[in-house]
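Note sheet for the following structure.
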Amino acid sequence: MRIKDVSEATGVSVDTIRHYEKAGLLPAPARGGNNYRRYTEADVQRLRFIRNCRSLDMSLDEVRPLLEFLDHPQADCSKVDAVIEGHLAHVRERLASLQVLERQLELLTQVCGPQRMHELCGIVMALSKDAPGGVPPAGRGVHTT
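Read left to right, the sequence shown gives residues 146 to 290 (the working numbering).
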């Protein structure tokens with residue numbers, strides 16, 4: 146199966162498939178006589194697994210031990226449990242950060258008075274101030290691990 150076919154079968158872009166190969170999540174495929182990558186059904190299944198993990202917003206570092214378990218199904222699954230528990234804790238932190246962000250945005254909607262001129266816009270004025278007088282950052286929820 147060629148990379149384009151795998152992309153269509155999995156919903157994973159060609160560039161992302163190549164990235165997963167470089168990151169070591171997907172083994173380097175065999176090459177045909179024309180030097181095209183040739184993928185197997187096992188590669189398709191592995192990509193679907195990775196895609197499903199990524200749809201849960203798991204980082205590649207979180208996906209890696211899950212793939213190791215997939216490759217060694219007789220292994221103890223406590224590492225898998227730890228990955229999922231850690232990811233859940235991160236999601237809860239992000240939810241808390243998003244709730245702070247929601248409150249900040251709600252407060253911003255209340256600073257705008259009836260005047261609608263640019264120089265009197267309460268929202269623009271509040272966003273122009275430095276924190277702590279302005280709106281403090283709520284956190285970006287960037288997931289890097």
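In this text, a Cβ means the ideal position worked out from N, Cα and C, and glycines have one as well.
As the structure is a computational prediction, the values presented were derived from the model and not from experiment.
Per-residue DSSP class, three states only, for R182: Residue numbering aside, residue 182 sits at position 37 when the sequence shown is read from its first letter. Reduced to three states, the DSSP call for R182 is strand.
Could you tell me which residues DSSP puts in a beta bridge with A175? Translated into the one-based positions of the sequence shown, residue 175 becomes position 30. Looking at the DSSP assignment, A175 forms a beta bridge with R183.
Given P174, which residues of its chain have a CB within under 6 angstroms of its CB, disregarding the five upstream and five downstream residues? Along the sequence shown, one-based indexing puts residue 174 at 29. Cβ within range, chain order: R182, R183, Y184.
Considering only residues of the segment 207-276, which uninterrupted alpha helix (DSSP H) runs meet the minimum length of 4 residues and lie entirely inside it, listed in chain order? You should have 223-255, 267-273.
Can you have a look at V287 and say buried or exposed, based on whether 16 or more other CB atoms are within 10 angstroms of its CB? Translated into the one-based positions of the sequence shown, residue 287 becomes position 142. A caution first: V287 carries a pLDDT of 48, below 50, which makes its placement in the model unreliable, though a value can still be read off. That one is exposed.
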